[in-house]
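Engineer: Just so you know, the sequences run in chain order A, B, C and D.
Under the numbering used here, think of the first position of the first sequence as 34, with each following residue one higher.
Under the numbering used here, think of the first position of the second sequence as 34, with each following residue one higher.
Under the numbering used here, think of the first position of the third sequence as 34, with each following residue one higher.
Under the numbering used here, think of the first position of the fourth sequence as 34, with each following residue one higher.
Yeah, the Cβ is synthetic: ideal placement off N, Cα and C, and Gly gets one too.
Quick caveat, the model's predicted, so the values are computed rather than measured.
A single structure is presented below for examination.
Number of protein chains: 4
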Amino acid sequence: MIYFRSDYSQGAHPKVLEALAETNFEHTDGYGMDEHCTHAAAMVKALIGRPDCDVHMMIGGTPCNVTIIASTLRPYESVIAARTGHIYVHETGAVEGTGHRIVTVEGVNGKLTPEGIEKACMEHDDEHTAEPKMVYISQPTEIGTIYSRQEMIAISEKCKEKGLYLYVDGARLGCALTSREADLSIQELARLCDAFYIGGTKNGALFGEALVILNPGMKDHFRYMIKHQCGMLAKGRLIGVQFEALLADGEYGLYFQIAAHSNAMAEKLTNGLKDLGVEFFCDSPTNQIFPIFPPYVLQKLEEEFFFYQWAPEEARGIPVRLVTGWGTKEEEVDRFLAAVKEAI
Amino acid sequence: MIYFRSDYSQGAHPKVLEALAETNFEHTDGYGMDEHCTHAAAMVKALIGRPDCDVHMMIGGTPCNVTIIASTLRPYESVIAARTGHIYVHETGAVEGTGHRIVTVEGVNGKLTPEGIEKACMEHDDEHTAEPKMVYISQPTEIGTIYSRQEMIAISEKCKEKGLYLYVDGARLGCALTSREADLSIQELARLCDAFYIGGTKNGALFGEALVILNPGMKDHFRYMIKHQCGMLAKGRLIGVQFEALLADGEYGLYFQIAAHSNAMAEKLTNGLKDLGVEFFCDSPTNQIFPIFPPYVLQKLEEEFFFYQWAPEEARGIPVRLVTGWGTKEEEVDRFLAAVKEAI
Amino acid sequence: MIYFRSDYSQGAHPKVLEALAETNFEHTDGYGMDEHCTHAAAMVKALIGRPDCDVHMMIGGTPCNVTIIASTLRPYESVIAARTGHIYVHETGAVEGTGHRIVTVEGVNGKLTPEGIEKACMEHDDEHTAEPKMVYISQPTEIGTIYSRQEMIAISEKCKEKGLYLYVDGARLGCALTSREADLSIQELARLCDAFYIGGTKNGALFGEALVILNPGMKDHFRYMIKHQCGMLAKGRLIGVQFEALLADGEYGLYFQIAAHSNAMAEKLTNGLKDLGVEFFCDSPTNQIFPIFPPYVLQKLEEEFFFYQWAPEEARGIPVRLVTGWGTKEEEVDRFLAAVKEAI
Amino acid sequence: MIYFRSDYSQGAHPKVLEALAETNFEHTDGYGMDEHCTHAAAMVKALIGRPDCDVHMMIGGTPCNVTIIASTLRPYESVIAARTGHIYVHETGAVEGTGHRIVTVEGVNGKLTPEGIEKACMEHDDEHTAEPKMVYISQPTEIGTIYSRQEMIAISEKCKEKGLYLYVDGARLGCALTSREADLSIQELARLCDAFYIGGTKNGALFGEALVILNPGMKDHFRYMIKHQCGMLAKGRLIGVQFEALLADGEYGLYFQIAAHSNAMAEKLTNGLKDLGVEFFCDSPTNQIFPIFPPYVLQKLEEEFFFYQWAPEEARGIPVRLVTGWGTKEEEVDRFLAAVKEAI
């Protein structure tokens, strides 16, 4: 079986695993209070050019999202997200579990727009209505699209105008930054938002994300919040060690190489499929792509490949999701293209 | 100033106040464990023909809605509502405050549809998604429309098909039951849903609603939940005494007379305005109506009358909400119609 | 049956009911945005000499307690209370329902001490422990005792030293202020704490409490919190009207007359029982007293009087609670004393 | 620096790390839906002789504790624990964060007693009080003591009598099972409780615990709850792989060898210190010990060793905690004993 199911179907990139093995016998203090975490945080600060930010080594993406929301908002405040946003569609109501509404608005190509934010704010009136106080977006989105520099600036400005915090979920941030369409640097992203995270789990780590808090008003007692939300790892250094390996050499380093490789494999798939006349559910310049196959082709492919059906059947066929990762091999891509060619 | 602002702008119907005064010096046990509450509950059971139900005297509508939801749902479960539903638009995120998502769907004339419920359920897939387990509707809706018997049957059947509890917010239930368009009796409503409440606050009481739980699976430890949600009144009998007054004589009694009066006043307003050529934001057969006035007319009216602007200005003018209640007088209606005539 | 069961077993003091009747036909805006609430708030401000405070007309004591705690604390913060404190023993986990721990410490005569607060704070260490941020006490306590001026000053200073908000539950504040042992004025109480409430339910109102927020840091968006916690009354003016009646004439007014009457009736009971050789579970200078009766006396008394057994039987007999209120009559007290005399 | 600070100061036992490396390039499905998790679960079922239980691979101890509590209890229900219990003293109010009270009772040698449970239940009366529904204990306790077979049976019977679920936190379960004082097998533990977990983090894993649910009434939708509480790991198999390594060879396997080694090192420390006349804060037959050192000795030791001060100074000196783990070497123990000898 060849997997295009997710970018978390394998373990860690070999260099990450190596770093874990090399440091395995060290003794350090627990819960992220160790030199590896401190060092990794310093690397993040250097990378984004913001020595003043706080960096927390988090165990996963949902803990990042839920903890920053629960920590920042007062009980009657809500967070605005696209109806397709990860916190709405894939976290089992964890945000609401902390007491906060997600105000959903329709996205455009999976992306939130300033108009959408404006519309969400109009639902707030007075003390009888929940008050939006944060905007959640992910870069890239759930369907692999990315916010351009201009789009991100427009979102950021709308947030400032409305008194909203802007938080960016970067589960696959590497793929956004290294996408062929990318025109927004990580430094500029850090200038435009109040908090974001650099995702490790889907980009070569066993697990772990580096959460960056830029707005001083969001920093207070955040480690209390991590623990309160059950997200503090006893052997916290494991995340620090992995990010040390990923971020060594900064923008030329492993983190970006992995992301570029994933994108390249996805692009090769996209181009190959387009050459075969395959249509797409949506265009994605990152490591998730969404081709549409007729049922009889799909059936054939599922014998040899493992991936998700993404959406209900439509006139053109069934949309599926193919995801590439650090371990995706070029021959796997070739084999998929060949199989499609055979099947159609 | 003449008020068409709400059906809670005055105190209680005189007969309700009288009942409170008559019983004022009695000593009873607290927290609803008294004979008036027991008697009022029995009157409710008789009225709906369901001796097996549980009836709780509740302090207000939001406590009814939030407590039944928080009591019934497990943490990962959600409640489906129209985007215009009261729990979404007018309760400051209180439902989410108990940890549960409101899954919003677009309504039709303010009403949820089986198709909307179906669509909401499609957002649930597996353990990565919140699971809808209840449907919230109000009868009448936020914009005064009512579910017909056929519509309610269709909703109820869809709920059964999907394994969803059906809960009906009856803040203005009296007006739905006595509407000129009504074809759904309270007995049949009780057969079609799992829980609902008979609203007192907006129908002649100082405050108080009678929450009816029909589904045995929703009854357990409900008084614990009322207290846990801060909704238990020390002098609980006050609600019982008021419902005794309202429900004396059953379907011919005060509760229904008040509702019919409110509807009649609203209908007179509607007909009078239509005769004057006024257009409406939506059609309502109950005690809230939504005429549209040009700004210059509105300005004039606001000098003499107190009411809400309902929605942003549109081509035809500004939609407003006029509400009638137990104390609305025919001459107030006449004066309003005269004033409109003068202004246009 | 003669009731010494609670101070909420009857309706409202006649003058309060009269005020409700007199204003019944007025139309006002809802949710506490009316002139009666504004006027009552001004009366409270004048009474305590603090024009800068915020006053909210609340529906009950548990809503006061839970809303101020939920509004003030961040998710990882906790509130310190005596193990016998009302929020711990009589609110069904409502405080924890908003996500906050109650750190309990043993009281002395039902009262929290600076040493108890110190001890509770020692449980907090770092981000692995909940952080106490508020102290909850009630004046009088659950067993009717009151904090002296010196005790309240000591508590207040300890709170300041530890960075804790001090909140005082005043469900029966009137009885504390008019107690024979009282040496702490309401003005001084207001200087020593960050928030407190003046209880109406147990002192002559149908329901309602006036919550006073003195600390500016606790005021923000409080009306949102009231609604979010389901505590906002549609006909909010009802509470304003009642407090207008209670607080007319300030410290010489009805509120204080009712409390003084309740205390006098309780004192007469206490003195009479002591003359009969009855022992007490604890000494109380307010309107709740706790005599101990042998089982055979208790059995007799329960035929004619309705009250609570308070604690399990001990060597001296069974402790009971007798409560007096605005409607307690001197002849009822006399009859009780006579009945005890007959029974022993 | 030599570490006796915790049993999570190093990475994984070499055999566990090896298993992760060996399986690193495999592709599997995510979120624990893979063959390693299934296999590890089967190993747990075989080990405890309960093919009917549910086993969930969890990311850490706090997620286990909080998720099982939040999943099992209704909103007004509480959990009983020793005041020294981990959920009370070391989880930053995470349990209360899900809305549930922890009812604390004083332990005896860190252990809850049937009398303590009885006392906690007496705080529950009716709908005005939170209702205890679960008992939380850990085996071993926070201070290293263990429940004997008879003690555990007594707790279990008291729970059944009172209608309470019994949940056992097994963060260091291996050390309890292999302690020189152990007389309670894991099979019997499984018979006596409703749920427990086998801790990996503190016994040779990088992270991960195997949560065992025995009571069928606690199983429903548990994976939803894991995700809702932010505790689901994308590369869930990592926990499965580690438990496969730890549990291979069942009761003779690595998990038990590591625990026995930790205990042996702690016992050697204990015996050596006792020979030197050192006194102890409490007796512990597992891998955490609590000797007391005079300040001048402590100062010396802290130059060479890293460990926690455990409690405030008392007459005999300052109690400290020494913890041994999979990587503790005999020469480190010897060196510590020599250093103490030199210092006193």
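Where do the N-terminal and C-terminal ends of the beta strand (DSSP E) with residue 324/D fall, by residue?
Structural biologist: 324 to 326
Engineer: My output table needs one value for residue 308/B: the three-state DSSP class, helix, strand or coil.
Structural biologist: helix
Engineer: Quick check: the Cα distance between residue 235/B and residue 360/B, rounded to an integer number of angstroms?
Structural biologist: 11 Å
Engineer: Let me make sure I understand the geometry here. Which of 34/C, 35/C, 41/C, 37/C has the alpha-carbon closest to that of residue 232/C?
Structural biologist: That would be 41/C, whose Cα lies nearest to the Cα of residue 232/C.
Engineer: Which residues, in chain order, does the region 253 to 282 of chain C contribute to contact with chain A at a C-beta distance below 7 Å?
Structural biologist: 254, 256, 257, 258, 260, 261
Engineer: DSSP on residue 109/A, reduced to helix/strand/coil?
Structural biologist: Residue state, collapsed to three classes: coil.
Engineer: I want to verify the contact list: residues of chain B whose CB lies under 7 Å from the CB of residue 354/D, in sequence order.
Structural biologist: Per Cβ cutoff of 7 Å: no residues; residue 354/D is ~35 Å from chain B at best.
Engineer: Give the DSSP bridge partners of residue 351/D, in chain order.
Structural biologist: 326/D
Engineer: Note down, in chain order, each residue of its chain lying with its Cβ closer than 8 Å to the Cβ of residue 45/A, except the 5 sequence neighbours on either side.
Structural biologist: Same-chain partners within the cutoff: 53, 237, 238, 239, 275.
Engineer: On the DSSP letters alone, give me the boundaries of the beta strand (DSSP E) that residue 229/B sits inside.
Structural biologist: 228 to 232
Engineer: Anything in the region 91 to 122 of chain B with a Cβ closer than 7 Å to a Cβ of chain A? List those residues in chain order, please.
Structural biologist: Listed by position along the chain: 108, 109, 111, 122.
Engineer: Skipping 5 residues on each side, what residues in its chain have a beta carbon closer than 8 Å to that of residue 61/D?
Structural biologist: 67, 68, 69, 270
Engineer: Scan the region 160 to 176 of chain B for residues whose Cβ lies nearer than 9 Å to a Cβ of chain D and list them as they occur along the chain.
Structural biologist: 160, 161, 162, 163, 164
Engineer: Could you tell me if residue 141/D is buried or exposed, where buried requires 16 or more neighbouring beta carbons within 10 angstroms of its beta carbon?
Structural biologist: exposed
Engineer: Distance, Cα to Cα, residue 205/A vs residue 211/A?
Structural biologist: 10 Å
Engineer: Nearest chain A C-beta to residue 52/D closer than 8 Å, yes or no?
Structural biologist: With 8 Å as the cut-off, residue 52/D does not count as an interface residue toward chain A.
Engineer: By DSSP, does residue 171/B sit in helix, in strand, or in coil?
Structural biologist: Three-state DSSP puts residue 171/B in a strand.
Engineer: Entirely within the region 195 to 274 of chain C and at least 4 residues each: give me those alpha helix (DSSP H) ranges in chain order.
Structural biologist: 206 to 210, 219 to 225, 255 to 261
Engineer: Does the beta carbon of residue 60/B come closer than 8 Å to any beta carbon on chain C?
Structural biologist: yes
Engineer: Residues of the region 232 to 244 of chain D in Cβ contact with chain A at a cutoff of 8 Å, in chain order, please.
Structural biologist: 234, 235, 239, 240
Engineer: Quick one: which unbroken beta strand (DSSP E) runs of 3-plus residues sit fully inside the region 54 to 136 of chain A? Chain order, please.
Structural biologist: Fully enclosed beta strand (DSSP E) runs of 3 or longer: 87 to 91, 110 to 115.
Engineer: Roughly how many angstroms lie between the CA atoms of residue 81/A and residue 195/C, to the nearest whole one?
Structural biologist: Rounded to whole angstroms, residue 81/A to residue 195/C spans 38 Å at the Cα level.
Engineer: Looking at chain C, is there any beta carbon in it that lies within less than 8 Å of the beta carbon of residue 43/B?
Structural biologist: yes
Engineer: Taking the C-alpha atoms as reference points, what is the distance between residue 34/B and residue 225/C?
Structural biologist: 44 Å
Engineer: For residue 149/D and chain C, any beta-carbon pair shorter than 8 Å?
Structural biologist: Taking Cβ atoms only, chain C never reaches closer than 8 Å to residue 149/D, which makes this a no.
Engineer: Let me confirm a value: residue 377/D is counted as buried when at least 16 other C-beta atoms fall within 10 Å, else exposed. Which label applies?
Structural biologist: exposed
Engineer: Can you pull the chain A residues whose beta carbon is under 7 Å from the beta carbon of residue 134/B, in chain order?
Structural biologist: 126, 129
Engineer: Whole angstroms are fine: how far does the CA of residue 345/C sit from the CA of residue 154/D?
Structural biologist: 14 Å
Engineer: Using a threshold of 8 Å, state whether the C-beta atoms of residue 173/D and residue 71/D are closer than that.
Structural biologist: No, they are not a contact pair.
Engineer: DSSP three-state call for residue 332/A: helix, strand or coil?
Structural biologist: Helix at residue 332/A.
Engineer: Say whether the region 284 to 292 of chain C touches the region 118 to 133 of chain C, bearing in mind that this needs 3 or more beta-carbon pairs closer than 8 Å, one atom from each stretch.
Structural biologist: no
Engineer: Roughly how many whole angstroms lie between the Cα atoms of residue 105/B and residue 251/B?
Structural biologist: 6 Å
Engineer: Starting from the Cα of residue 267/B, find the closest Cα among 94/C, 56/C, 84/C, 89/C and give me that residue.
Structural biologist: Checking every option, the nearest Cα to that of residue 267/B belongs to 94/C.
Engineer: Please decide whether residue 320/A counts as near chain D, where near means a Cβ-Cβ distance under 8 Å.
Structural biologist: no
Engineer: Strictly below 8 Å CB to CB, what residues from chain C border residue 36/B?
Structural biologist: 60
Engineer: Using a threshold of 7 Å, is the CB atom of residue 372/B nearer than that to any non-hydrogen atom of the ligand ADP?
Structural biologist: This structure simply doesn't include the ligand ADP, nor any ligand for that matter.
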